[in-house]
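S.K.: Here you go, one structure.
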Amino acid sequence: MDRLPSSNRFWPSLAALVAPSFGVLGALAYLHAIPWVSAVLAIVATIVATALLLKRHLAALARHAKRLDELAKGEPPDALARPADGGASAPIAEAVARLERALPERVQPMASEAALESIVDALPYAILQIDSDERIARANAVARALFGEGLEGKPLVAYLRDPDVLDALAEALAGAYPEAADVRLAGSVERSLRVRAVPLPRGSGSKPAALLAIADVTTVQQAERMRRDFVANVSHELRTPLATLTGFIETLQGPARDDAVARERFLSIMATQGARMTRIVTDLLSLSKIEEAEHTPPSGRIDAARVLAGTLDALSIAAKAKGTTLVPEIAADLPPVLADGDQIAQVFQNLIDNAIKYGRPGGRVRVSARVAERTPPGFVARSSRYVEVRVEDDGEGIAREHLPRLTERFYRVDAGRSREMGGTGLGLAIVKHIVNRHRGALDIESEIGRGTTFLVYLPVAETAPATA
């Protein structure tokens, strides 16, 4: 006999089938209705015949079970072998075949829907499906991040109450394609959103539904506002010296043509205004160049102590003219930093020059450099160690509300005083972008009546000797 299929099922099944026959044949032999030899032969024949039939059907059932298992796993099954005699397992084979034909038709829509949901979740926009009752039927991952979890089933008005959005949704539910609506979303950080509503195709007898595509345009609007402010500020900064130059030129060409004293005075003022315009244009070009390379961090290694000492030496004349004492406190074992030497010298120049200008006349400007013990709160460190350069003056100080805006282009706490001292309003913006390019940090501390401290953090170059 061939190998029996699954003996743990075969023998119990065989025993259950032949047991009644044993009882009947044994009773007949006991009553001498048939000889014992005939009874034994009949029992053996029954066992053999039943075993052959049972083996055949169990093997067929095993093949069907394997096929069902393969279908459940989604694997391509082997061809199903049907019983040639159309036996008892044939209806099971037919049922399995029908299931195999019907399964792709049922699974394919489910797979397509899952793929569509994955695609919608990957979109950079918040997507909301709204039903005819103006409730949220579905929301993608961006929408859940924007409005929170548990959106399904909630009314849209609980999250967006803007009349323009609700009007656009009503039009979309009616089958129209309304214009996009702009809305501001209140919160800890105000967001600007652009909401577009489109109707969804309707099947026969289905209720209307719409799709809301929501784009966060906060960054775009901020960039546009900064561009407008920048153009306005540049125009304002250049208009005054240009008007001064034009007025003096007209005066020298007319009433003061032969006035030597007026000519000398006017020419001196014109030279000052011309120099101011030159500084503004130079700083703008410098800022533009820095911004172009801001995404590429420098790979050079410099001796920050030597660059800092050179900057202090260059500004010693300006400090002496104002009676300011420069107090260097540079650590002897200061490690080299990853930096562009010219740009870092520009950072030190701008900060120390500002400290001299805005510090107390006859006061002190302390300049220190050491390995940082900490970095500013919220700064994501990309290096294991940083060099901290601190520039501290003893001037009037800056009110707390001004500190976040000090690095904006053309922002001044005291515009008149800044222009009088020759400032362009771009120095700290240049410092910020250079530090950003170096993957460092800029921190500002100030207290009214006690002075201001600027702290610059630069990543340490852990290997290779420093070069200037």
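Taking the working numbering, the leading residue of the sequence shown gets 16, the next gets one more, and so forth. Ideal placement from N, C-alpha and C gives every residue a C-beta, glycine not left out. Since the structure is predicted, the reported quantities are computational estimates derived from the model, not experimental observations.
Report yes if the CB atom of residue 149 is closer than 8 Å to the CB atom of residue 184, and no otherwise.
M.R.: Yes, these two residues count as a Cβ contact at 8 Å.
S.K.: So which of 408, 299, 312 has the shortest CA-CA distance to residue 468?
M.R.: Of the listed residues, the one whose Cα sits closest to residue 468 is 408.
S.K.: Using 8 Å as the threshold, is the C-beta distance between residue 466 and residue 377 below it?
M.R.: Not a contact, by the Cβ cut-off of 8 Å.
S.K.: What first and last residue would you give for the beta strand (DSSP E) that runs through residue 466?
M.R.: Residues 466–474.
S.K.: Would residue 322 and residue 371 qualify as a contact pair, given that the criterion is a beta-carbon distance under 8 Å?
M.R.: Not closer than 8 Å, so no.
S.K.: Output the distance between the C-alpha atoms of residue 501 and residue 205, rounded to the nearest integer angstrom.
M.R.: Residue 501 falls outside the range modelled here, since the chain spans only 16 to 483, and no answer is possible.
S.K.: Verify the CB distance criterion: does residue 208 have a CB-CB separation below 8 Å to chain D?
M.R.: Reference to chain D is not applicable here, since this structure consists of a single protein chain.
S.K.: With a threshold of 7 Å on Cβ separation, who are the neighbours of residue 180 within its own chain once the five nearest residues in sequence on each side are excluded?
M.R.: If we look at residue 180 and ignore the five residues flanking it on each side, its Cβ neighbours are 196, 198, 210.
S.K.: Can the beta-carbon of residue 422 be found closer than 8 Å to that of residue 374?
M.R.: No, these two residues do not count as a Cβ contact at 8 Å.
S.K.: Which stretch, first to last residue, makes up the beta strand (DSSP E) that contains residue 461?
M.R.: First-last of the beta strand (DSSP E) with residue 461: 456–462.
S.K.: Can at least three beta-carbon pairs, one atom from the segment 444–462 and one from the segment 344–359, be found at a separation below 8 Å?
M.R.: With a cut-off of 8 Å, the segment 344–359 and the segment 444–462 count as touching, because enough Cβ pairs lie within range.
S.K.: With respect to the beta strand (DSSP E) encompassing residue 413, which residues constitute its N-terminal and C-terminal limits?
M.R.: Element bounds for residue 413: n/a, residue is neither H nor E.
S.K.: Give me, in chain order, the residues of the same chain whose beta-carbon lies closer than 7 Å to that of residue 444; leave out the 5 immediate sequence neighbours on both sides.
M.R.: Only 302, 422, 423, 424 meet the Cβ criterion.
S.K.: Give a yes or no on whether the C-beta atoms belonging to residue 401 and residue 474 are separated by under 8 Å.
M.R.: Yes, they are a contact pair.
S.K.: Does DSSP put residue 274 in a helix, a strand or coil?
M.R.: Three-state result, residue 274: coil.
S.K.: Can you tell me whether residue 154 is buried or exposed? The criterion is at least 16 other CB atoms within 10 Å of its CB, across all chains shown.
M.R.: When all chains shown are included, residue 154 counts as buried.
S.K.: With residue 231 as the anchor, note down where its beta strand (DSSP E) starts and where it stops.
M.R.: It spans 225–231 - the beta strand (DSSP E) in which residue 231 sits, taken as one unbroken run.
S.K.: From the DSSP output, which residues share a beta bridge with residue 197?
M.R.: The partner list for residue 197 (beta bridge, DSSP) reads 209.
S.K.: Using the three-state DSSP reduction, which class does residue 140 fall into: helix, strand or coil?
M.R.: Coil at residue 140, not helix or strand.
S.K.: Sort 265, 269, 395, 419 by Cα distance to residue 472 and report the nearest one.
M.R.: Measuring from the Cα of residue 472, the nearest candidate turns out to be 395.
S.K.: Which class does residue 344 belong to by DSSP, given the choice of helix, strand or coil?
M.R.: The answer is strand: DSSP assigns residue 344 an E or B state.
S.K.: To the nearest angstrom, how far is it from the Cα of residue 404 to the Cα of residue 260?
M.R.: Distance between the alpha carbons of residue 404 and residue 260: 41 Å.
S.K.: Go to residue 362, then tell me how far its alpha helix (DSSP H) extends in each direction, as first and last residue.
M.R.: Element bounds for residue 362: 356–373.
S.K.: What residues in its chain sit with their C-beta under 6 Å from that of residue 147, if we drop five residues either side in the sequence?
M.R.: Answer for residue 147: 222, 223, listed in chain order.
S.K.: In whole angstroms, what separates the C-alpha of residue 309 from that of residue 299?
M.R.: When rounded, the distance between both Cα atoms is 15 Å.
S.K.: Leaving aside the five residues before and after residue 442 along the sequence, list all residues of the same chain whose C-beta is less than 6 Å from its C-beta, in chain order.
M.R.: Only 365 meet the Cβ criterion.
S.K.: Kindly indicate which three-state DSSP category residue 383 falls into: helix, strand or coil?
M.R.: Looking at residue 383 - three-state DSSP - the assignment turns out to be strand.
S.K.: Just how far apart, CA to CA, sit residue 326 and residue 344?
M.R.: Between residue 326 and residue 344, the C-alpha separation is close to 14 Å.
S.K.: Classify residue 188 as helix, strand or coil using the three-state DSSP reduction.
M.R.: Residue 188 falls in the helix class under three-state DSSP.
S.K.: With DSSP as the reference, identify every bridge partner of residue 403, one or two as the case may be.
M.R.: Paired residue(s): 385, 472.
S.K.: Quick check on residue 455: buried or exposed, where buried means 16 or more other Cβ atoms within 10 Å of its Cβ?
M.R.: Classification for residue 455: buried.
S.K.: Should residue 193 go down as buried or exposed, given a rule of 16 or more other Cβ atoms within 10 Å for buried?
M.R.: Result: buried.
S.K.: How big is the Cα-Cα spacing for residue 461 and residue 168?
M.R.: Roughly 51 Å between the two C-alpha positions.
S.K.: In the DSSP assignment, find the unbroken alpha helix (DSSP H) run with residue 152 in it and report its ends.
M.R.: From DSSP, residue 152 is part of no alpha helix (DSSP H) but of the beta strand (DSSP E) over 151–154.
S.K.: Per DSSP, which one or two residues make a beta bridge with residue 316?
M.R.: DSSP lists 353 as partners of residue 316.
S.K.: Would you give the residue range spanned by the alpha helix (DSSP H) that residue 217 belongs to?
M.R.: Here residue 217 belongs to no alpha helix (DSSP H), and DSSP marks it neither H nor E.
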